[in-house]
């Protein structure tokens with residue numbers, strides 16, 4: 001073993017060489033200079049450099065020195081960082097370049113130079129349909145694309161499922177339906193699905209119109225279905241035929257029948273006019289055409305207000321924007337309009353316009369967003385007050401005129417005052433009313449349909465009064481009627497322990513009451529929350545303390561439950577859940593229908609024997625209120641906030657969008673708004 005003094009000189013030589021250059025070590029190979037001490041010298045140097053932060057040597061430095069090979073380069077930290085940055089940039093550019101080249105190669109593959117033609121077999125019955133039905137119209141038994149593929153040919157003999165409408169309920173049904181079990185046809189006057197929650201954003205250019213729509217035919221391709229762009233006018237229940245009408249480009253009306261085995265009404269609703277005069281001077285927000293018309297009108301008013309010939313009074317009128325209705329649609333439109341005026345108007349229009357603009361919300365209830373928690377409604381009102389959006393509650397519109405709106409407002413002392421506002425624009429957003437076909441069917445079904453606003457269905461979503469129970473209704477066009485008390489006799493007759501007895505003489509002990517309660521929960525799932533304390537309910541309605549419930553006491557108990565059950569909200573969330581429910585039930589019915597024994601079907605109710613009744617689960621409500629958002633999650637769980645809430649609100653709707661295509665388009669629109677602002681143009 002060499003002493004420390006014997007290795008100090010060569011170690012000093014190495015250190016001098018290292019200090020002489022930060023980029024290259026100038027040390028000769030150690031074995032040639034110190035053949036007997038090279039390993040000891042390197043061991044000493046390794047320990048010394050490990051203690052120093054100024055000199056860091058790579059691990060292969062020592063092995064190369066021992067082998068007699070030239071020593072490696074020693075680089076500085078700055079140079080190492082530069083090399084790593086250059087490598088990262090180079091790799092990134094390479095990836096981007098490969099991606100661009102790959103995209104152009106894919107894009108080039110989508111162009112076809114020569115179309116291929118071949119003979120196509122089309123049934124003669126598809127080209128010349130037979131006539132029949134009550135009105136002797138053509139009947140579309142066969143479609144011209146029934147033989148376009150092997151998958152479609154296999155479905156020709158399957159049960160015919162016809163969906164009227166392409167909204168939230170219909171699309172949810174299509175996305176979850178088993179593609180091998182039904183011959184599916186969608187009939188709708190529009191050939192796209194519209195993402196309605198983001199429609200207010202399209203009215204001011206935050207989102208483009210194409211980002212909110214998805215072609216129905218693309219959605220239908222999953223189930224190899226057929227699409228008819230037409231309007232359903234009536235249903236002949238006894239003949240199982242749907243009357244359809246369409247107008248050709250020359251204005252001639254074409255009518256024909258479409259047969260069905262099952263039909264689902266998902267036709268949505270229209271805006272409720274509430275008997276107000278002059279609504280031809282107002283704007284509605286239900287579809288893409290409405291959003292385009294509103295956008296054009298807003299921009300047109302701004303341009304007119306800039307003209308030198310426009311008087312001060314006329315300018316104030318043109319820039320007075322009124323929203324009638326303080327629900328989510330009206331509130332979100334007012335918020336989007338305020339964002340446009342506050343963020344983009346001041347950059348591209350004269351500053352005077354910003355001072356002259358006014359936004360008003362007229363609400364008939366005591367608060368806007370009255371279906372939300374009161375704290376959220378108050379938060380929204382305070383937010384609008386800060387943004388100088390005028391919210392007028394307890395006010396009802398009497399008439400809309402071309403240049404002004406007339407309304408009454410309840411004062412704090414209880415008196416009604418008639419007021420007027422000049423308007424350059426008025427949005428009417430005040431609830432829903434039934435579509436034309438819903439009215440037609442309600443009149444045809446007579447006493448079975450008593451609701452003036454929607455078609456009544458049972459808890460299996462079958463339209464009440466239809467003779468064969470094969471007509472379903474979902475979404476805004478329907479309302480689920482529980483009527484627990486009205487079904488009391490059915491409950492009692494279907495209970496094994498009381499067969500053959502008069503139900504009005506019944507005396508239910510607590511055990512019997514539990515069986516009835518279980519039957520109620522099964523038939524009416526929404527009543528389950530009101531049947532948790534069966535013992536408490538039993539003792540409360542046992543008025544004579546006899547230990548039993550007679551017919552009258554039981555009726556009173558169930559009537560109380562009826563009163564507590566509220567109508568389901570007319571929202572996209574409810575329609576979506578109903579569409580998913582029907583898809584699962586139809587899938588199950590197709591699988592088990594043949595195997596069911598007649599005794600398994602109680603009272604001939606195949607739906608009840610196959611699948612449970614529909615139960616709505618409220619997942620919360622949310623609304624955008626101008627660079628802020630509110631979330632009503634139910635059960636006292638509420639959230640409200642600024643930009644973090646806005647990004648959360650966007651994330652929820654981004655996730656709910658119907659396809660990857662619409663998600664990408666929405667994301668690009670948000671990026672464009674951030675980089676370039678909204679497009680202040682009209683079409």
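Numbering (full-length UniProt numbering), first residue to last: 1 to 683. Positions of the beta carbon are idealized from the N, C-alpha and C atoms, including for glycine.
query: Going by Cα to Cα distance, which pick from 106, 654, 424 is closest to residue 313?; result: 424
query: Hey, residue 383 and residue 626 are a contact pair by Cβ (cut 8 Å); roughly how many whole angstroms apart?; result: 7 Å
query: Could you check the C-alpha separation between residue 648 and residue 620 for me, to the nearest Å?; result: 13 Å
query: Distance check for residue 169 and residue 578, CA to CA, integer angstroms please.; result: 6 Å
query: When you compare the segment 251–270 with the segment 464–475, are there three or more beta-carbon pairs, one atom per stretch, that lie closer than 8 Å?; result: yes
query: Which residues in the same chain have their Cβ closer than 6 Å to the Cβ of residue 111, if we skip the five residues on either side of it in sequence?; result: none
query: Name the two residues that bound the continuous alpha helix (DSSP H) containing residue 104.; result: 77–109
query: Indicate whether residue 400 and residue 319 have their beta-carbon atoms separated by less than 8 Å.; result: no
query: Going by DSSP in three states, residue 676 sits in which element: helix, strand or coil?; result: helix
query: Give the DSSP-derived three-state secondary structure of residue 708 in the structure shown.; result: Residue numbering for the chain in the displayed model covers 1 to 683; residue 708 lies beyond these limits and cannot be assessed.
query: Let me know the secondary structure DSSP gives residue 646 once reduced to three states.; result: helix
query: Using only alpha-carbon positions, find the residue among 569, 458, 511, 584 that is nearest to residue 548.; result: 511
query: Which of the three DSSP states is assigned to residue 390 in this structure?; result: strand
query: Where residue 646 and residue 653 are concerned, what is the direct C-alpha to C-alpha distance, given to the nearest angstrom?; result: 11 Å
query: Have a look at residue 498 and residue 143 and give me their C-alpha separation to the nearest angstrom.; result: Note that residue 498 scores a pLDDT of 46, beneath 50, so its modelled location is shaky and nothing firm can be said.
query: Put residue 144 into one of helix, strand or coil per three-state DSSP.; result: coil
query: CA-CA distance, residue 127 and residue 146?; result: 12 Å
query: Could you tell me the alpha carbon to alpha carbon distance between residue 353 and residue 405, rounded to whole angstroms?; result: 22 Å
query: So which of 467, 481, 460, 350 has the shortest CA-CA distance to residue 453?; result: 481
query: Report yes if the C-beta distance between residue 428 and residue 326 is below 8 Å; otherwise report no.; result: no
query: Assign residue 681 to one of two classes, buried (16 or more other C-beta atoms within 10 Å of its C-beta) or exposed (fewer than that).; result: exposed
query: Applying the criterion that 16 or more other CB atoms from any shown protein chain within 10 Å of the CB defines a buried residue, is residue 545 buried or exposed?; result: exposed
query: Which one of 605, 456, 433 has the shortest CA to CA distance from residue 442?; result: 456
query: CB residue 263 to CB residue 228, shorter than 8 Å?; result: no
query: In three-state DSSP terms, what is residue 496?; result: Residue placement at residue 496 is flagged as unreliable, the pLDDT there being 42, under the threshold of 50; the coordinate-derived value follows with that caveat. DSSP places residue 496 in helix when its eight states are reduced to three.
query: Identify, in the order they occur along the chain, each residue of the same chain with its Cβ nearer than 6 Å to the Cβ of residue 161, setting aside the five sequence neighbours on each side.; result: 182, 184, 262
query: Report yes if the CB atom of residue 614 is closer than 8 Å to the CB atom of residue 461, and no otherwise.; result: yes
query: Could you pull the start and end residues of the alpha helix (DSSP H) that residue 612 belongs to?; result: Segment: none, residue 612 is in no alpha helix (DSSP H) and carries neither H nor E.
query: Have a look at the DSSP bridge pairing and note the partners of residue 183.; result: 160
query: Report the partner residues of residue 321 according to the DSSP bridge assignment.; result: 359, 425
query: May I have the straight-line CA-CA distance separating residue 414 from residue 421, to the nearest angstrom?; result: 21 Å
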